[in-house]
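Each protein sequence line maps, in turn, to chains D and U.
Per my numbering: the first sequence = residues 16 to 587.
Per my numbering: the second sequence = residues 253 to 425.
Let me begin by presenting the structure, written as structure tokens, before commenting on it.
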Amino acid sequence: MTFRPGPPPPAPPSHGNAAAAAPLTDGEWHRMHPLTPLLKGGIFLIVILGYVLNSLRDQLVEFFIPGGGPQDDGDPVRYVYEHGVVGWVLLGIVVLLVVLIGLFYLSWRMHEFRVTGEIVEVRSGVLFRTNRKARLDRIQGINISRPLVPRIFGTAKLEIAQAGNDANVQLAYLGTKAADDLRQRILVLASGAKDEESGGSSRRSNGVLQDRVDEIFSPELDPAAVRATRIVKVHPGRLIASMLLSGTTVFILLAVAAMIVSVALTDEYGILFGLFPAVIGAGGYYVRKFSRSLQYTIAETRDGIRIGFGLVSTSNETLPPGRIHAVSVAQPLLWRPFGWWDVRINRATNAGNGASNNQQVSSIVLPVGTARDVREVLDIILPGLVGTAVAGPTASPEELREGSSEAVNVVDDSLTTTGDRGGFVHSPRRGAWLRPFAFRRNGYRFVPGAVLLRLGAVWRSLVIVPLPRVQSVKVSQGPLERALRLASVHVQTVQGPVSARVGALDARDAQRLWSDTAERAVEAAAVDTSHRWREREARLDPATSVPHADHATGTVPPGSPWGEVPPPGAAR
Amino acid sequence: MPRERLDEPGLGLTGTTWTRVSSKLVWTELVSTVLVGVVVTAGCVIIGVVSGGFGRGAGTVWLLIGIVVAVIALVTAILTPRRVRAIGYALRDDDLVLRRGLMWQRFTAVPYGRMQLVDVNRGPLDRVLGMSELKFVTAAASTNVRIPGIPFEDADELRDRLVELAESRRAGL
């Protein structure tokens, strides 16, 4: 399987499966995997071949079994065949193919990328050149997806999620190993770590064919390669059940019921035919959603959390620490009897180019899980978010975990509680006018490094906003709220499925929440270094004995409660 | 009635000096309110009359909508001076606080380090009156902090100062 379309590329850039050779992050320009033009253009070739074969089918049948075939003058293939211009048409097709392959080859030649210590840069295009540079410390996540066909050919698509709309950098396609290796190296560069230790991902080769087979059947998550310390998996059975118990199902059932009623009333069975596309659509929706969520794993790695999913077409994404702007743990009403929850996050990236359906998935961390799974997931994602804000920028992983433990515990305890339990400040009794069921649950509290909002009695949810990620805070009061002496607070983060808005709080509590959040967010952001999440280790390592005075000035000593931090303005 | 409104002591803003916006903003606001009010009212009334006036169901509904719109526009216009006076901003040590609203009162705090860019906009009316609107963009689309009615020179100065502050406190996203 090592054939290449067109002549082999010129020597200097190391290409394709060259993970073993010079690393792709050496600052030089590199090309994509040599099979890229075939994978990108393959769809055209298949379409043309399919059309030709389909049209020739009758001819072939007649060729082998003379006589009998239906005479159809409208068929272009028959026309061509009878007028004796087969040669010309074949030549035309061949020329077209050659031109197409040539174009794809050219575009492959012109498509190059490089990774330096600061940026990743891609240039592409033949007639219209594009050049995109992205800063490494603004990377929001790196996704490696392997759709079925590229997967068979041992290639993968690497996508570097950047903050902003349609700002992603896509590298399609790279060899699977090269992609894994590149991701790890980019993450090391982006983290600011100075030690250039390679990931140790040099798996032994067992011959080309065996390698390919291994790759295809290997589990999506290679625990050894990512050095995962904790892994949460989602059971397929529960996944199916959770999907059947969704609002979509209720909607579909209602629609079907409406159909049946209307058929029964009008005796017009024609309506049923209108149902077919809907049924197919709904079935497709479930199958797609299910196949995409199969083998869902959430793992903790040194460079952030890693979310992987997919059975046939796989995809897995690494989110560096501090790239999650808000977390919600929510329970749809139908899941309540089973005690299931899902975990969603807000991220600063908004993939627009062809990965829009991917985006939807990548804001889900846990599609469904019990309270225990939720706890484990929070254990994985919160240390990098909340822990850094608590334990200071120079903390070890254990300290980070300790720093976030209170947040995890409170969330774990408060998933279903109401009233004062868990230390939440909740709506007063008169809040029942606006929150008839939830007024005893609707509330907030601070934990070190984060603000928690406990919302909803029917559709329960718990929102965690890490203080270093708060963009702005708003307190507002409309006429109705003013009459009831209530107010609402919106902790504004980047756009996403999680909305950190709590209403119907006592006006005094809301004001306190506003001022505290504003103050703490500034302090937390000032000491936050998660955009270069391992720089501090690197800076600290050479001189562990010498305390860095310059770095310690504005920071919070580990373990100090947030009430006693230095006054605003002292930091930085 | 100390507890009924969002007040400065409750928000920990005691002693904050608010910068108020230019009173000329009243005219801009008035013009746009009146313009929108008149156009929408006229539209509703015309549709109402065409569809049969008070005699017919549809006509009645449209005319009533027109009347409601006119009343709302009138109330808004009358309250405009007070609303403009309610707009204020303060540059604190680490964040910018903006207050707006009379009936729907709101306070927004934006840490300087979170500002991604500062826009200065001038509409045609604003330009005649020598005013600019400052807009702050953070990574959160919902932040939407706009300060209208700042005199030209002040606006440029404020923008430069804010950019400088944001630069000195720049962090990740």
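Where a beta carbon is used, it is the ideal one built from N, C-alpha and C, also for glycine.
Short check: CB of residue i to CB of residue j, under 8 Å?
| i | j | result |
| --- | --- | --- |
| D:ILE313 | D:LEU259 | no |
| D:VAL517 | D:ASN457 | yes |
| D:TYR459 | D:LEU467 | yes |
| D:LEU115 | D:PHE168 | no |
| D:GLY407 | D:VAL542 | yes |
| D:TRP103 | D:ARG46 | no |
| U:VAL362 | U:PHE388 | yes |
| D:ARG362 | D:HIS340 | yes |
| D:VAL504 | D:TRP529 | yes |
| U:THR395 | D:GLN486 | yes |
| D:ARG153 | D:ALA193 | no |
| D:VAL164 | D:LEU54 | yes |
| D:GLY354 | D:TRP548 | no |
Under 8 Å, Cβ to Cβ, is there at least one residue of chain U near residue i?
| i | result |
| --- | --- |
| D:VAL203 | no |
| D:ALA447 | no |
| D:SER491 | yes |
| D:SER411 | no |
| D:ARG475 | no |
| D:SER378 | no |
| D:VAL440 | no |
| D:ARG523 | yes |
| D:ALA149 | no |
| D:GLN593 | Since the displayed chain D opens at 16 and closes at 587, residue 593 of chain D lies outside it and no answer follows. |
| D:ALA297 | no |
| D:PRO494 | yes |
| D:VAL488 | yes |
| D:THR433 | no |
| D:ARG535 | no |
| D:ARG198 | no |
| D:SER206 | no |
Counting only C-beta atoms, is residue i closer than 8 Å to chain D at any point?
| i | result |
| --- | --- |
| U:THR360 | yes |
| U:LEU258 | yes |
| U:THR266 | no |
| U:GLY365 | yes |
| U:MET355 | yes |
| U:ASP346 | yes |
| U:ARG421 | yes |
| U:GLY340 | no |
| U:THR395 | yes |
I want to verify the contact list: residues of chain A whose CB lies under 7 Å from the CB of residue i, in sequence order.
| i | result |
| --- | --- |
| D:VAL509 | No chain A is part of this structure, whose protein chains are labelled D and U. |
For my contact list, residue i and residue j are in at a C-beta cut-off of 8 Å; report their separation, rounded to the angstrom.
| i | j | result |
| --- | --- | --- |
| U:VAL349 | U:PHE359 | 6 Å |
| U:VAL279 | U:LEU381 | In the sequence on display, residue 279 of chain U carries Trp and not Val. Contact flag correct, Cβ pair sits at about 6 Å. |
| D:ILE157 | D:ARG198 | 5 Å |
| D:VAL423 | D:ARG390 | 6 Å |
| D:ILE134 | D:ARG150 | 6 Å |
| D:LEU50 | D:THR170 | 6 Å |
| D:ARG500 | D:ALA525 | About 10 Å; that fails the 8 Å criterion. |
| U:THR271 | U:ALA342 | 7 Å |
| D:PRO481 | D:LEU430 | The Cβ separation is near 19 Å, so there is no contact. |
| U:SER322 | U:GLY295 | Going by the sequence as given, residue 322 of chain U is Ala instead of Ser. Not really, about 11 Å apart at Cβ, beyond 8 Å. |
What residues in its chain sit with their C-beta under 6 Å from that of residue i, if we drop five residues either side in the sequence?
| i | result |
| --- | --- |
| U:ILE339 | VAL273, ARG352 |
| D:VAL137 | PHE128, ARG147, VAL184 |
| D:GLU496 | ALA502 |
| D:GLN492 | ALA502 |
| D:ARG161 | ALA171, THR329 |
| D:LEU334 | GLY156, GLY319, ILE320 |
Using the DSSP secondary-structure output, state which residues sit across from residue i in a beta bridge.
| i | result |
| --- | --- |
| D:GLY289 | None, per the DSSP bridge assignment. |
| U:GLY305 | U:GLY305 pairs with nothing; no bridge assigned. |
| D:GLY107 | Paired residue(s): none; D:GLY107 is not in a bridge. |
| D:LEU477 | D:VAL344, D:ARG469 |
| D:GLN507 | D:SER487 |
| D:LYS55 | DSSP output for D:LYS55 lists no bridge partner at all. |
| D:VAL247 | D:ILE313 |
| U:TYR341 | U:THR271, U:LEU350 |
| D:HIS441 | D:GLY458 |
What does a CB cutoff of less than 8 Å around residue i pick up in its chain, not counting 5 residues either side in sequence?
| i | result |
| --- | --- |
| D:VAL392 | VAL247, ILE313, VAL358, VAL380, LEU381, GLY384 |
| D:GLY402 | ALA410, GLU414, LEU415, ARG416, GLU417, GLY418, SER419, GLY464 |
| D:LEU470 | ALA453, ARG456, ASN457, SER476, LEU477, VAL478, VAL517 |
| D:ALA558 | In this predicted model, D:ALA558 has a pLDDT of only 42, less than 50, meaning its place in the structure is not dependable enough to derive any value. |
Who are the Cβ neighbours of residue i in its own chain at under 7 Å, not counting the five residues just before and after it?
| i | result |
| --- | --- |
| U:VAL283 | LEU377 |
| U:ASP406 | none |
| D:ASP428 | GLY437 |
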